[in-house]
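Trainee: Below is the structure I would like to discuss, written out as structure tokens.
Number of protein chains: 2
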Amino acid sequence: MEANTFDDPRITAVGLLFEVHAGLAARFAAQLEEHGLSSVEFEVLTRLTRSPANQLRMTDLAAQTSLSTSGVTRVVDRMERDGLITRRACPSDRRSSYAVVTPAGLRRLDESLPGHLQLIEDWFTGQLDPAALAALLDGLRRVRDAVHPCATAGSRSAAPGEPPAECDEKEGRPPAPGGHPGR
Amino acid sequence: MEANTFDDPRITAVGLLFEVHAGLAARFAAQLEEHGLSSVEFEVLTRLTRSPANQLRMTDLAAQTSLSTSGVTRVVDRMERDGLITRRACPSDRRSSYAVVTPAGLRRLDESLPGHLQLIEDWFTGQLDPAALAALLDGLRRVRDAVHPCATAGSRSAAPGEPPAECDEKEGRPPAPGGHPGR
DNA sequence: CAGCAACTATAGCCGTGGCAATATTCCTGC
DNA sequence: GCAGGAATATTGCCACGGCTATAGTTGCTG
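Protein sequences appear in the order of chains P and X. Numbering of the first sequence is given in our numbering, commencing with residue -4 and proceeding in unit increments. Numbering of the second sequence is given in our numbering, commencing with residue -4 and proceeding in unit increments.
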């Protein structure tokens, strides 16, 4: 009987990771909903607000979120209808348009951010002593660098010597880990 | 200017975690698709196969996945149509029905599992030396225990002294971490 | 035993978001 | 300058899945 396959440590490892993600995501969503925001809307506000002039072209916004360009069109539709952001024509390229945060959108974000940070602290970072947290993040960072879904993160400035490396798409084979020859 | 809020280490921490999840989930989905399975279908097959008699009541299946009961109805519809599982009436309770894996479903799972495990190894567990991996998993476990989305995992038998504790729903306040008084 | 509350699965309705097609606009080579 | 190809945003169509209502079933309680 091969029921053992499911106790494979690899399976439980991803199970753990996915459970943590699901649990945190659910709590975040619940808290954001109190402020009338969905997770994607929160992410959109975040990405826009951390961009110069609080704006981003639709395509760039799509690249920074987990959405396709049509998904971005839709979420921007909704948020524009709710007055959180606005579309503005791009002066230099008539094909593009900017999504820009309105004062109301900024306000909404400011309202929800403290609670969000508190939630992270309460359920994630605060659950571990600094050393364990550092170890956890270090491991995550290594995995992220391997699997990078084209690095949506903004804090990439740690190694300014290298340009973003372009991240052409997803490559098929994994990079070799530190000192762990496959065979 | 408060652009600094986004460089908050808490934000980057969850960003890291979510990126890793997204990256791994995308790769898994791509590999499973080669075998004609979606992620949820794979999870359904997994949960059923690791259950006694390769079957589970619809409600229990819903509880073990990220789906609602109606979502389970739908995915079971599809998988039954594809011949991967079958419905069977529960003899002791005429309200319930079992979802049971067919030989074809078992075969499909067996086909996709090796590649799946390999993928985990390649992009996740194999990226870290054993010590770092252990540290990562330990941290994740601690966070999971705090945030537990009612512990979908099956490997809960570590502490047989306690019954599953029922996990009534999600509680509003976080449990106190090891030695980290909130105030 | 009658009635009622709880449970189980399902179907209707709808929001969300991806893919492919489409219309504009830009750019490059000639 | 212009024809053709690439980029950009949007829309139609669809799959997926959650919420709620509903029907069938069980068990408890008066």
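Glycine is no exception: its CB is placed at the ideal position from the N, C-alpha and C atoms. Since this is a predicted model, take the numbers as computed values, not measurements.
1. Using a beta-carbon distance below 7 angstroms, is P:P169 in contact with chain X?
2. Which residue from X:F23, X:A94 and X:A8 puts its Cα closest to that of X:S107?
3. Please check if any C-beta of chain P sits within less than 7 angstroms of the C-beta of X:L12.
4. Given this structure, state the Cα-to-Cα distance separating P:I6 from X:D105, to the nearest angstrom.
5. Cα separation between X:M53 and X:T97?
6. Is P:S34 helix, strand or coil when you go by DSSP?
7. List the residues of chain P that X:Q122 touches, going by C-beta distances under 7 angstroms, in chain order.
8. Just the chain P side, please: which residues come within less than 7 angstroms of X:F119 by C-beta, in chain order?
9. Cβ of X:L56 less than 7 angstroms from any chain P Cβ?
10. List, in chain order, every chain P residue whose beta-carbon is nearer than 8 angstroms to that of X:E116.
11. Any C-beta of chain X sitting closer than 7 angstroms to the C-beta of P:L131?
12. So, with DSSP's three-state summary, where would you put X:T0?
13. Given that X:T41 touches chain P, what residues does it touch there, using C-beta distances under 8 angstroms?
14. Here's a check: name, in chain order, each residue in its chain whose Cβ is nearer than 8 angstroms to the Cβ of X:G156, leaving out the five neighbours to either side.
15. Roughly how many angstroms separate the alpha carbons of P:L43 and X:L27, rounded to a whole number?
16. So X:G134 contacts chain P; which residues on that side make the cut at Cβ distance below 8 angstroms?
17. Let me know the secondary structure DSSP gives X:A94 once reduced to three states.
18. Less than 6 angstroms between C-beta atoms, sequence neighbours within five positions excluded: which residues of the same chain meet that for P:V67?
19. Would you please verify whether the beta carbon of P:R69 is less than 7 angstroms from any beta carbon of chain X?
20. Assign X:T44 to one of three DSSP states: helix, strand, or coil.
21. Suppose you measure from the CA of P:W118 to the CA of P:L128; what does that come to, to the nearest Å?
22. Given a cut-off of 7 angstroms on the beta-carbon distance, is the pair P:V71 and P:A99 in contact?
23. Measuring alpha carbon to alpha carbon, tell me which of X:S91, X:S65 and X:N49 ends up nearest X:L79.
24. Comparing C-alpha positions only, which one of P:S63, P:T120 and P:R45 sits nearest to X:D2?
25. Among P:F13, P:V39 and P:S61, which one has its Cα closest to the Cα of P:L51?
26. Let's test the definition: count the other Cβ atoms within 10 Å of the Cβ of X:T120 and tell me whether it reaches 16, buried, or not, exposed.
27. Going by DSSP, name the residue or residues bridged to P:T81.
28. Answer with yes or no whether the minimum CB distance from X:L51 to chain P is below 7 angstroms.
29. Using a Cβ cut-off of 9 angstroms, which residues of the stretch 79 to 96 of chain X contact any Cβ in chain P, in chain order?
30. Please report how far the alpha carbon of X:E14 lies from the alpha carbon of P:D88, in whole angstroms.
31. Which same chain residues end up closer than 6 angstroms to X:R83 when comparing Cβ atoms and leaving out the 5 residues on each side of it in sequence?
32. So that I know if they touch, is there some Cβ in chain X lying closer than 7 angstroms to that of P:L112?
33. X:L108 versus chain P: which residues are under 8 angstroms apart at the beta carbon?
34. Rounded to a whole number of angstroms, what is the C-alpha to C-alpha distance between X:V138 and X:G31?
35. Does DSSP put X:L62 in a helix, in a strand, or in coil?
36. Identify which residue in P:A171, P:E36 and P:Q122 has its Cα closest to the Cα of P:R69.
Mentor: Let's see:
1. P:P169 counts as touching chain X.
2. The candidate whose alpha carbon is nearest that of X:S107 is X:F23.
3. At least one CB of chain P lies nearer than 7 angstroms to the CB of X:L12.
4. P:I6 and X:D105: Cα-Cα distance of roughly 14 angstroms.
5. A direct Cα-to-Cα measurement between X:M53 and X:T97 gives close to 16 angstroms.
6. Assignment of P:S34 by DSSP, reduced to helix, strand and coil, places it in the helix class.
7. Against X:Q122, the close residues of chain P are R137, V138, A141 and P172, in the order they occur along the chain (beta-carbon pairs closer than 7 angstroms).
8. For X:F119, the neighbours in chain P by C-beta distance under 7 angstroms run, in chain order, A8, V9 and V138.
9. The beta carbon of X:L56 sits no closer than 7 angstroms to any beta carbon of chain P.
10. Listed along chain P are R5, each with a C-beta nearer than 8 angstroms to that of X:E116.
11. Chain X, which has a Cβ nearer than 7 angstroms to the Cβ of P:L131, makes this yes.
12. Helix at X:T0.
13. Taking a Cβ-Cβ cut-off of 8 angstroms, the neighbours of X:T41 in chain P comprise F1, given in sequence order.
14. At X:G156, the pLDDT of 30 sits below 50, so the modelled position is not reliable and the matter cannot be decided from this model.
15. Rounded to the nearest angstrom, the two C-alpha atoms are 34 angstroms apart.
16. Neighbours of X:G134 on chain P, chain order: L123, A127, L128, A130, L131 and G134.
17. Residue state for X:A94 is assigned as strand, using DSSP reduced to three classes.
18. Excluding five sequence positions before and after P:V67, the CB atoms of its chain that fall closer than 6 angstroms to its own CB belong to M53, L56 and A57, given in chain order.
19. No, because no Cβ of chain X sits closer than 7 angstroms to the Cβ of P:R69.
20. Helix.
21. Taking the CA atoms as reference points, P:W118 sits about 12 angstroms from P:L128.
22. Their beta carbons are not under 7 angstroms apart, which means P:V71 does not touch P:A99 by this criterion.
23. Nearest of X:S91, X:S65 and X:N49 to X:L79, Cα basis: X:N49.
24. When the alpha-carbon of X:D2 is set against those of P:S63, P:T120 and P:R45, the nearest one is in P:R45.
25. Per the Cα distances, P:V39.
26. The residue is buried, with at least 16 neighbouring Cβ atoms inside 10 Å.
27. P:T81 has P:V95 as its beta-bridge partners, per DSSP.
28. With 7 angstroms as the cut-off, X:L51 does not count as an interface residue toward chain P.
29. Taking 9 angstroms as the upper bound on Cβ-Cβ separation, chain P lies near no residue of the stretch 79 to 96 of chain X.
30. Cα-Cα distance, rounded: 31 angstroms.
31. Closer than 6 angstroms at the Cβ level, and outside the excluded window around X:R83, lie Y93 and V95.
32. Interface criterion met: the Cβ of P:L112 is under 7 angstroms from a Cβ in chain X.
33. The contacting residues are T0.
34. Taking the straight line joining both Cα atoms gives about 33 angstroms.
35. X:L62 falls in the coil class under three-state DSSP.
36. The option with the nearest alpha carbon to P:R69 is P:E36.
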